[in-house]
Amino acid sequence: MKMTPKPPHKRAAAKYALAIGCTLFGWLSPPVEAVSIDLTTSINAGGEINGAIFLVDNSQPAGTGIFGRDAGGVFLRIQVTGTEQGYNTSANGVMDNKTGPFTRDLLYSTLNTVSIEGSLYVPFLLDTNEMNTVEGRTITMESLKIFSSTTGGLSHGDIGGLEGDAATTLLYDLDGTPDGDSSVLLDYDLIGRGSGAADMGVFIPLINFAGVEDDEYIVLYSSFSGADAGFEEWTPGAQGPLPPDDPGPNPLPEPSTGVMGLIGLMLILRRRNR
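The sequence shown lines up with residues -34 to -1, 1 to 240 when you count with mature numbering (1 follows the signal peptide of the UniProt record, and there is no 0).
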């Protein structure tokens, strides 16, 4: 069974794409130039790259082991000084992944959706862990790629192997067209809650997942520069389940308290950018 919207949602997909790509909160990306989003300036900071929304997030409870527990838990931890990269898999010894239960395969059917101004998104949350100094607290996400895969336990040692695997399909690319080589700057201590709290929310349009089966795996690859302390970790965002084949007249889940906070933040951003 496919977990993606069916007609009449196919008719809505064009509307979602248009709204996301052209009018979402007034964030119009240059057609060719790379985009750099700075999330270090304010808790209200945010932006859009290739249809995905990136926001400072303060909706999740703090604490290592607590972060992400409402959405199935952490599925990827990476750590190395300087430039680090990794992707979630059950295989050990891959890239800069930290082994253990917090780096694992992730089934598509376990992800959630949120509704933002009538469009559906799949949310992910990032917790960074850097030095709490003026120089050391920032880190830059240089790459974010999301794949579907018909097999789990991938063990490629470089991104080229992951991209070239016959089992994988690229669903989202931070550095893809139209925005090109883009990045997101983050501040570990902007909100002041330390380790085990979300620093960024990422919202990928649900239409990017069209055709993905519920028993397929989702593989999230990310790379960072300026890492100088603890691990970076990813968890799914918490909200409602993915819509069924025929969700009926009311397919959108009711927003939770945390999601309502994020949507309120987005509306503030929208007003400020007018």
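C-beta atoms are modelled at their ideal positions from N, C-alpha and C, and glycine is treated no differently.
Item	Value
Inter-residue Cα distance where the pair is S189 and L172	23 Å
For G39, three-class secondary structure by DSSP	coil
Of the residues G102, Y87, Y183 and K111, the one placed nearest G142, counting alpha carbons only	K111
Alpha-carbon spacing of V168 relative to P67, whole angstroms	23 Å
Contiguous beta strand (DSSP E) assignments of at least 3 residues, all confined to the stretch 48 to 115	48 to 53, 78 to 82, 85 to 93 and 104 to 115
As assigned by DSSP and simplified to three states, the class of F175	helix
Endpoints, the beta strand (DSSP E) within which L137 is located	T134 to D139
Integer Cβ distance of D145 from A(-1), believed to fall under 8 Å	6 Å
Where I9 sits in the DSSP three-state scheme	coil
Sequence-distant residues of its chain with Cβ nearer than 7 Å to L77 (five each side left out)	V88, I184, P202 and L208
Alpha carbon of G192 to alpha carbon of V40, nearest angstrom	22 Å
Buried or exposed (CB count within 10 angstroms, at least 16 for buried), L128	buried
Distance, D165 Cα to I3 Cα	14 Å
Nonlocal neighbours in the same chain, by C-beta distance under 7 Å from T135, ignoring five residues either side	F113 and S114
Contact check, N54 vs T65, beta carbons under 8 Å	no
Bridge partner(s) assigned by DSSP for G167	L21 and L91
Helix, strand or coil at E(-2) according to DSSP, with G and I counted as helix	coil
Counted within 10 angstroms of its Cβ, other Cβ atoms place E199 as buried (16 or more) or exposed	buried
Coil, strand or helix - E182 by DSSP	coil
Contacts around residue 298, its chain only, beta-carbon distance under 7 Å, and the 5 residues preceding and following it disregarded	Because the chain in this structure spans residues -34 to 240, residue 298 falls outside the shown range and cannot be described.
DSSP three-state assignment for G192, whether helix, strand or coil	strand
Contact belief for L151 with T94 at Cβ below 8 Å, rounded distance in angstroms	The Cβ separation is near 11 Å, so there is no contact.
Helix, strand or coil at I125 [DSSP, three-state]	helix
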